[in-house]
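Undergrad:
Numbering (this note's numbering), first residue to last: 46 to 394.
(1) When the Cα atoms are used, what is the spatial distance from residue 232 to residue 352?
(2) Are the beta-carbon atoms of residue 275 and residue 212 separated by less than 8 Å?
(3) If we ignore side chains and look at the alpha-carbon of each, how far apart do residue 385 and residue 319 end up?
(4) Look up residue 294 in the DSSP assignment and say whether it is helix, strand or coil.
(5) Could you give the DSSP three-state label for residue 373: helix, strand or coil?
(6) Kindly give me the distance between the Cβ atoms of residue 337 and residue 281, rounded to whole angstroms, as I take these residues to be in contact under 8 Å.
(7) Shortest alpha-carbon distance to residue 151 belongs to which of 382, 113, 94 and 355?
(8) Give the secondary structure of residue 153 by DSSP, where H, G and I count as helix, E and B as strand, and everything else as coil.
(9) Quick check: residue 376 and residue 321, are their CB atoms within less than 8 Å of each other?
(10) Do residue 221 and residue 174 count as a contact pair if the criterion is CB distance below 8 Å?
(11) Which word fits residue 214, buried or exposed, when buried means at least 16 other C-beta atoms lie within 10 angstroms of its C-beta?
(12) To which residues of the same chain is residue 347 closer than 8 Å at the C-beta, ignoring the five residues directly before and after it?
(13) Ends of the beta strand (DSSP E) at residue 205?
(14) By the three-class DSSP mapping on this structure, what secondary structure does residue 315 have?
(15) I'd like to know whether the C-beta atoms of residue 176 and residue 252 end up nearer to each other than 8 Å.
(16) Run through the stretch 211 to 299 for me and flag every whole beta strand (DSSP E) of 3 or more residues, listed as ranges in chain order.
(17) What is the rounded straight-line gap between the Cα of residue 121 and the Cα of residue 256?
(18) So, are the CB atoms of residue 268 and residue 188 less than 8 Å apart?
(19) Do residue 105 and residue 237 have their C-beta atoms closer together than 8 Å?
(20) On the premise that residue 199 lies in contact with residue 373, defined as a C-beta separation below 8 Å, what is that separation, rounded to the nearest angstrom?
(21) Return the chain-ordered list of same chain residues with a C-beta closer than 6 Å to the C-beta of residue 383, the five sequence neighbours on each side being excluded.
(22) Among 298, 325 and 203, which has the Cα closest to the Cα of residue 289?
(23) Please state if the CB of residue 133 and the CB of residue 117 are separated by a distance shorter than 8 Å.
(24) Given a threshold of 16 other Cβ atoms within 10 Å of its Cβ, counted over all protein chains shown, does residue 305 qualify as buried or as exposed?
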């Protein structure tokens with residue numbers, strides 16, 4: 046095991062200080078303190094995650110979390126990230142969640158993953174659509190996120206496949222379709238409140254924030270999809286006839302010019318080297334679909350008000366991957382391999 050550098054020591058001290066703070070919070074909120082180890086499940090993690098039902102358009106299955114739920118969820122998520130699984134599991138019961146120790150039988154030897162999920166499924170009483178979150182302690186410091194399952198078709202499958210092949214530390218899957226709620230978010234743009242990337246009062250947003258707070262160096266790769274109208278516009282901007290097109294961005298309007306040597310540029314290089322998919326950069330090759338109103342990205346880029354205000358500069362840790370339908374439907378293995386290759390090269394550098 047490598048020795049901790051000064052920055053690593055400071056991060057550990059900060060993490061322990063936060064853990065002490067949330068212990069104090071448990072007293073205020075009367076969270077149960079008895080240690081309850083997570084139950085163990087053995088099986089195919091791919092099949093387990095692929096069975097999640099995200100519901101239908103405007104089914105109103107997504108429920109807005111109240112203040113107490115938000116506070117408890119943040120506590121649960123921080124103890125989950127801290128690998129204090131018994132504490133997380135105890136507190137999770139208060140908001141209808143649980144922690145599972147999952148032994149993935151698809152890998153040899155079985156990989157050990159930790160799953161934070163709602164106990165209720167979408168048709169059960171008490172379901173709120175807060176999302177499913179995974180922690181692979183041995184993984185690289187990367188989070189894979191799918192905020193728009195089913196609506197951005199196949200991105201939830203892609204996220205699961207990428208998590209299982211590229212060995213990131215975290216996986217975040219929104220709990221419902223982005224258009225589950227019929228109420229409109231007050232955040233920038235005309236989006237539903239159930240949209241996990243455009244409504245700050247969403248457990249997915251809070252999970253995203255906690256991952257960033259826990260380790261400010263975590264790289265976040267968020268998967269999205271666009272349709273035929275946007276494809277035609279992007280083809281013109283990127284000067285390509287390819288219908289297998291990816292538009293990469295960092296969730297920010299670049300001014301006056303973008304920084305070179307970023308992971309986003311490396312990812313573009315890896316995708317284009319493969320030759321099957323054409324990758325373009327927002328702010329350089331294109332001027333559409335830059336993810337600039339994405340509240341997750343705004344937070345990672347340092348906005349003080351992610352709901353209403355974009356960040357002034359990029360952290361270069363939030364990678365917004367917009368993909369055409371052919372990429373998401375038939376070329377997921379290719380794009381995922383390019384992402385994996387970029388991650389391996391980034392770590393090596």
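Virtual Cβ for every residue (Gly too), placed ideally from N, Cα, C.
TA: Taking the coordinates as given:
(1) 5 Å
(2) no
(3) 12 Å
(4) strand
(5) helix
(6) Taking 8 Å as the upper bound for CB-CB distance, residue 337 and residue 281 are not in contact here, some 20 Å apart.
(7) 94
(8) Three-state DSSP puts residue 153 in coil, outside helix and strand.
(9) yes
(10) yes
(11) buried
(12) 356, 357, 358 and 360
(13) Premise fails: residue 205 lies in the alpha helix (DSSP H), 200 to 211, not in any beta strand (DSSP E).
(14) Three-state result, residue 315: helix.
(15) yes
(16) If one requires a minimum length of 3 residues, the beta strand (DSSP E) runs lying completely within the stretch 211 to 299 are 213 to 218, 264 to 270 and 290 to 294, in chain order.
(17) 12 Å
(18) Not in contact: residue 268 and residue 188 (Cβ atoms no closer than 8 Å).
(19) no
(20) Residue 199 and residue 373 do touch by the CB rule: their CB atoms are close to 4 Å apart, below 8 Å.
(21) 315, 316 and 319
(22) 325
(23) The answer is no: Cβ separation not under 8 Å.
(24) exposed
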